[in-house]
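Below is one structure, written out as structure tokens; the observations come after it.
Numbering (the working numbering), first residue to last: 558 to 649.
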């Protein structure tokens, strides 16, 4: 489980968690009930966007299926309220 926190110097109080990590087929994004829209991008190690989607949030947890991704390391970017959080994700 990885928790994504914004820079405390910015004064934002977001806490979003991404799990499982390593992932196999899907990931959950948790603690998102306070947000109405989430933009999610997954980039491979070369910086190429391999997945991008926007979600309307109606629950505290969002499941994102990753059925076509090759095993390896990726960068997950989650944007909420014009703030972007990034974290490494291993897909098995």
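We put the beta carbon where it would ideally sit given N, CA and C, even for glycine.
The structure displayed is predicted, hence computed values, not measured ones.
Notebook entry, point to check: Since residue 614 contacts residue 594 with CB under 8 Å, what's their CB separation in whole angstroms?
Noted result: Residue 614 to residue 594, Cβ: 7 Å. Contact.
Item checked: Cβ-based neighbour list, residue 629, same chain, cut-off 8 Å, excluding 5 preceding and 5 following -> 601, 602, 647 and 648.
Notebook entry, point to check: Where does residue 627 sit, in a helix, a strand or coil, going by DSSP?
Noted result: Residue 627: coil per DSSP, three-state reduction.
Next item on the list: Please state if the CB of residue 631 and the CB of residue 599 are separated by a distance shorter than 8 Å.
Entry: Yes. Within cutoff.
Check: Applying the criterion that 16 or more other CB atoms from any shown protein chain within 10 Å of the CB defines a buried residue, is residue 606 buried or exposed?
Finding: Taking all protein chains in view, the Cβ of residue 606 is surrounded by fewer than 16 other Cβ atoms within 10 Å, so the residue is classified as exposed.
Notebook entry, point to check: Quick one: what does DSSP say residue 640 is sitting in, helix, strand or coil?
Noted result: Three-state result, residue 640: strand.
Check: Using the C-alpha atoms, what's the distance from residue 572 back to residue 565?
Finding: With a pLDDT of only 45 at residue 565, under the threshold of 50, the placement of this residue in the model should not be trusted; the figure read from the coordinates follows. Distance from the CA atom of residue 565 to the CA atom of residue 572, rounded to whole angstroms, is 11 Å.
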